[in-house]
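Undergrad: Residue numbers (full-length UniProt numbering): 1 to 91.
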């Protein structure tokens, strides 16, 4: 199973993007971030499906929120791993 997370510097940014994703009919939810990726960011982010990745990333790019990061969490039977996605590389 794979989950996508957007991490932000502030909670208000998380609420803003969550609302915009829902307005674009992208299924998402506010979620507390996995411990391994909340180092220097606020611990509230937005979780969405890998199937909506391209649409969600395009919306995040257009929003222009500084410092946000997108992570892919791959869940295995006995552990999970998080990988940062570089959404600005192909912008």
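All C-beta atoms, glycine included, are put in the ideal place defined by N, C-alpha and C.
#1: Could you check whether residue 2 and residue 73 sit closer than 8 Å to each other, using their CB atoms as the reference points?
#2: Could you name the residues that DSSP lists as bridge partners for residue 49?
#3: Roughly how many whole angstroms lie between the Cα atoms of residue 42 and residue 7?
#4: Could you give the distance in angstroms between the alpha-carbon of residue 62 and the alpha-carbon of residue 75?
#5: Going by CA-CA distance only, name the one from 89, 71, 32 and 87 that's closest to residue 81.
TA: Checking against the coordinates, here is how it stands:
#1: Yes, Cβ-Cβ distance for residue 73 and residue 2 is below 8 Å.
#2: 3, per the DSSP bridge assignment.
#3: Straight-line Cα distance between these residues: approximately 7 Å.
#4: The straight-line gap from Cα to Cα measures roughly 29 Å.
#5: Distances from the alpha-carbon of residue 81 to those of 89, 71, 32 and 87 put 71 closest.
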